[in-house]
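Trainee:
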Amino acid sequence: MAGLPQPADQLRNSHGLEQFFSTLGPQPGQRVLDLGEFTQANVTYITSLGHRLYSEDLQQTLDQTFGKGDPALAQSDPRHVQQFLDQVLQFPEEHFDAVLVWDTLERLSRPILDVVMERLFLVLRPEAPLLACFHAESREDSLPCYGFRIADGKSLQMRAKGRRKLAQSFNNRGIEKLFERFHSIKFFLTRDLLREVIVRR
């Protein structure tokens, strides 16, 4: 959008990512689900720890199903909603030991979000960690969008991908309610516009 600063690539410390790997633990052979864009950096880092990485690009499926318009409007067509839900998170119960959600939940309008949250809960084993990111509350019509690449166990390379309008935004109470079925939730304060959250199934 004209007049709005565009996001830039950046390397940032991530206490949420550090906590994620600490909670996941050192035992190799665990299954990790990444709901962001496929990146070789994430594959390399996760597999270097002896784990198996599964990738499912939720944003790409959203764009292919609904297009790139206002998500609140585009995601209101019941036929497209069902088409999207038929494609995502089709895994057995308690299949994963951890999941990297990144900022994808903000891009889902209800009732899509409700179904996705139910499936996330079911595909995670008990006590498994989930890392999610949320933009700080903002009155801007669109917000910076990033791809998340793991640089190491406590830092992220964030690749700028323009700006997007969110389907919905969440304050801290809204995030707590979103994960109310989960065992625990922990917020990490950051100096930028993203809030990191670790929850455990």
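End of the sequence shown sits at 454 in the working numbering; the numbers just go up one at a time, nothing left out.
Backbone N, C-alpha and C fix where the C-beta goes; we use that ideal spot for every residue, glycine too.
1) How about the segment 375-384 and the segment 351-364: do they share at least three Cβ pairs that are nearer than 8 angstroms?
2) Over what stretch of residues does the alpha helix (DSSP H) that includes H348 continue unbroken?
3) Please determine if the segment 367-381 and the segment 335-346 are in contact, where contact requires at least 3 C-beta pairs separated by less than 8 angstroms.
4) Among the candidates L264, D287 and H348, whose CA atom is the shortest distance from the CA of F273?
5) Measure the C-alpha to C-alpha separation of E290 and S301 and round it to an integer number of angstroms.
6) Is it buried or exposed for L270, if we count other Cβ within 10 angstroms and need 16 for buried?
7) Answer yes if the segment 404-422 comes into contact with the segment 356-374, meaning at least three C-beta pairs across the two stretches below 8 angstroms, and no otherwise.
8) For a test of the three-state rule: what should DSSP assign to P331, helix, strand or coil?
9) Could you give the residue range of the alpha helix (DSSP H) that holds Q410?
10) Would you decide whether T297 is buried or exposed? Buried here means 16 or more other CB atoms lie within 10 Å of its CB.
11) How many angstroms separate the CA atom of T314 from the CA atom of S395?
12) Which residues in the same chain have their Cβ closer than 6 angstroms to the Cβ of H304, if we skip the five residues on either side of it in sequence?
13) Where DSSP assigns a beta bridge to K439, which residues make up the other side?
14) S267 and L446 - do their beta-carbons sit closer together than 8 angstroms?
Mentor: Reading off the structure:
1) yes
2) Reading the sequence shown from its first residue, position 95 is the one you call residue 348. No alpha helix (DSSP H) contains H348, which DSSP labels as neither H nor E.
3) yes
4) The residue you call residue 273 lines up with position 20 of the sequence shown. If we check each option's Cα against that of F273, D287 comes out closest.
5) As a position in the sequence shown, residue 290 is number 37, starting the count at 1. As a position in the sequence shown, residue 301 is number 48, starting the count at 1. If you take the alpha carbons of E290 and S301, they lie about 19 angstroms apart.
6) Taking the first residue of the sequence shown as position 1, residue 270 is located at position 17. Counting Cβ neighbours within 10 Å, L270 comes out buried, since at least 16 surround it.
7) yes
8) Within the sequence shown, residue 331 is the residue found at index 78, counting from 1. Looking at P331 - three-state DSSP - the assignment turns out to be helix.
9) Here residue 410 corresponds to residue number 157 of the sequence shown, with the count starting at 1. Segment S408 to R417 is the beta strand (DSSP E) holding Q410; no alpha helix (DSSP H) there.
10) The residue you call residue 297 lines up with position 44 of the sequence shown. The residue is exposed, with fewer than 16 neighbouring Cβ atoms inside 10 Å.
11) What you label residue 314 is simply residue 61 of the sequence shown in a count that begins at 1. What you label residue 395 is simply residue 142 of the sequence shown in a count that begins at 1. For T314 and S395, the distance between alpha carbons rounds to 20 angstroms.
12) Residue numbering aside, residue 304 sits at position 51 when the sequence shown is read from its first letter. Correct list, in chain order: Q283 and V285.
13) Working through the sequence shown from its first residue, we reach residue 439 at position 186. I451, per the DSSP bridge assignment.
14) By one-based count along the sequence shown, residue 446 stands at place 193. By one-based count along the sequence shown, residue 267 stands at place 14. Going by C-beta atoms, L446 is not nearer than 8 angstroms to S267.
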